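A.B. asks: For the sequence shown, the numbering used here gives the first residue as 8, with consecutive numbering after it.
Cβ atoms here follow ideal geometry from the backbone N, Cα and C, with glycine treated the same way.
Computed from a prediction, not measured in an experiment: that's the story for all the values here.
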Amino acid sequence: MPELPEVETIANGVNARVRGARIVSVWTSGKPQTFKSPEVEIEAVLTGSVIEGVRRVGKTIVVSLQKKNQKAEFLVHLGMTGRLLVAEGDIPKPAHTHAVLTLADGREVRFVDPRRFGRLSVLREAYAGPGVEPTTIGDVEFAALFKGRKIAIKAALLNQSLLHGVGNIYADESLFRAGIRPTRPAGKLTYAELGRLRVELQKVLARAIKLGGSSVSDYVDAEGMSGYFQIEHAVYGRGGEPCKVCGTPIKKIVVGGRGTHFCPVCQH
Numbered sequence: 008m009p010e011l012p013e014v015e016t017i018a019n020g021v022n023a024r025v026r027g028a029r030i031v032s033v034w035t036s037g038k039p040q041t042f043k044s045p046e047v048e049i050e051a052v053l054t055g056s057v058i059e060g061v062r063r064v065g066k067t068i069v070v071s072l073q074k075k076n077q078k079a080e081f082l083v084h085l086g087m088t089g090r091l092l093v094a095e096g097d098i099p100k101p102a103h104t105h106a107v108l109t110l111a112d113g114r115e116v117r118f119v120d121p122r123r124f125g126r127l128s129v130l131r132e133a134y135a136g137p138g139v140e141p142t143t144i145g146d147v148e149f150a151a152l153f154k155g156r157k158i159a160i161k162a163a164l165l166n167q168s169l170l171h172g173v174g175n176i177y178a179d180e181s182l183f184r185a186g187i188r189p190t191r192p193a194g195k196l197t198y199a200e201l202g203r204l205r206v207e208l209q210k211v212l213a214r215a216i217k218l219g220g221s222s223v224s225d226y227v228d229a230e231g232m233s234g235y236f237q238i239e240h241a242v243y244g245r246g247g248e249p250c251k252v253c254g255t256p257i258k259k260i261v262v263g264g265r266g267t268h269f270c271p272v273c274q275h
């Protein structure tokens, strides 16, 4: 599933290409599971709207719209295999395209999702997301999120009601860089450890955004290009391989139902 850096990369790419454009028509596939809002409502809200901007909130792409002095937001959650692409209208549509927003200049914004775990919806108010933004949170607020929590810190990082946008890849990578074992109870970490984790998490996310995210499965950006941060993965997806710091084989375990990678020597 695309995580914060991948969603940020896609949102920034789409924003650069379509900000200020007007949507003249909307097509949807009618396939089940894809549409969180009724398709007729999506079509009615989007058609004729001007795209004021595209941003990321957590793992959701938010398209801000205006039509006749009324504002709305179009939410795109990519799920496991979703893609949001901007293409010329004469380019053949990929298989599994479930929504097409045709712009006044003939270009199209296309939502493609082979497994149909993604969701499309519209809101009449601003979307804030379920948790706190991890790229800007400060030390005190970050530490307060985990106070008294008995669950493993890895599971806590993945709790979208606490920090929205952090997923499996960047939880593993930030815990490694902070030297913290993913199984440690979140509420038992010291203030200094949590401060170190916050710093490393924000560094990892910033670096991944700079490199266009991690392409370990189906992820591509708004132009269909892959990211490069997977080249710098220290632990994620490297079970059994030597740690890049100490040479100890990376362990893979399950924490909170998710595959988890860590170094048994470098992380305490």
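Quick one: what's got a C-beta closer than 6 Å to Gln-167's C-beta in the same chain, skipping five residues either side?
C.D. replies: Around Gln-167: Pro-137 and Gly-138.
A.B. asks: For Ile-187, name the three-state secondary structure that DSSP assigns.
C.D. replies: coil
A.B. asks: To the nearest whole angstrom, what separates the beta carbons of Val-93 and Val-147, a pair I think is in contact under 8 Å?
C.D. replies: Not really, about 40 Å apart at Cβ, beyond 8 Å.
A.B. asks: What's the C-alpha gap between Glu-80 and Gly-145?
C.D. replies: 28 Å
A.B. asks: Regarding Val-21 and the ligand NAD, is the C-beta to nearest heavy atom distance less than 6 Å?
C.D. replies: Absence of the ligand NAD is noted for the structure shown, with no ligands found whatsoever.
A.B. asks: Return the chain-ordered list of same chain residues with a C-beta closer than 7 Å to the C-beta of Val-211, the five sequence neighbours on each side being excluded.
C.D. replies: The beta carbon of Val-211 is closer than 7 Å to those of Tyr-177, Glu-180, Ser-181 and Arg-184 in its chain, skipping five residues each way along the sequence.
A.B. asks: For the alpha helix (DSSP H) that Glu-46 lies in, which residues bound it at each end?
C.D. replies: 46-53
A.B. asks: Helix, strand or coil, according to DSSP, for Phe-236 in the structure here?
C.D. replies: Helix, per DSSP.
A.B. asks: Measuring only the C-alpha atoms, how far is Leu-201 from Lys-78?
C.D. replies: 39 Å
A.B. asks: Does Val-119 come out as helix, strand or coil in the three-state DSSP assignment?
C.D. replies: strand
A.B. asks: Hey, how far is the Cα of Leu-196 from the Cα of Leu-208?
C.D. replies: One C-alpha to the other measures close to 15 Å.
A.B. asks: Can you check which of these residues, Arg-214, His-105, His-171 and Val-64, is closest to Gln-237 by C-alpha distance?
C.D. replies: Nearest of Arg-214, His-105, His-171 and Val-64 to Gln-237, Cα basis: Arg-214.
A.B. asks: Please name the residue, chosen from Ser-71, Ala-23, Val-252 and Gly-264, that lies closest to Val-272 on a Cα-to-Cα basis.
C.D. replies: Val-252
A.B. asks: Taking C-alpha atoms, which residue in Gly-125, Leu-110, Gly-194 and Cys-270 lies nearest to Phe-153?
C.D. replies: Gly-194
A.B. asks: Return the bridge partner residues of Val-33 from the DSSP annotation.
C.D. replies: Leu-108
A.B. asks: Helix, strand or coil: how does DSSP classify Ile-58 here?
C.D. replies: strand
A.B. asks: Are the beta-carbon atoms of Gly-266 and Ile-257 separated by less than 7 Å?
C.D. replies: For Gly-266 and Ile-257, no; Cβs fall outside 7 Å.
A.B. asks: Closer than 8 Å by C-beta to Val-129: which residues in its own chain qualify, once you throw out the five before and the five after it? Chain order, please.
C.D. replies: The answer, listed in chain order, is Ser-44, Glu-48, Ile-49, Val-52, Leu-53, Ala-79, Glu-80, Phe-81 and Leu-82.
A.B. asks: For Ala-14, tell me which candidate among Val-61, Leu-110, Ala-111 and Leu-169 has the shortest Cα-Cα distance.
C.D. replies: Checking the displayed sequence, the identity of residue 14 turns out to be Val instead of Ala. Val-14 has its Cα closest to that of Val-61, out of Val-61, Leu-110, Ala-111 and Leu-169.
A.B. asks: Within 10 Å of its beta-carbon, does Gly-113 have 16 or more other beta-carbons around it, so buried, or fewer, so exposed?
C.D. replies: exposed
A.B. asks: Roughly how far, in whole angstroms, is the beta-carbon of Ile-98 from the beta-carbon of Ala-18, given that I think they are within contact range, below 8 Å?
C.D. replies: Contact flag wrong, Cβ pair sits at about 21 Å.
A.B. asks: Looking at Pro-101 and Val-119, is the spacing between their C-beta atoms short of 7 Å?
C.D. replies: yes
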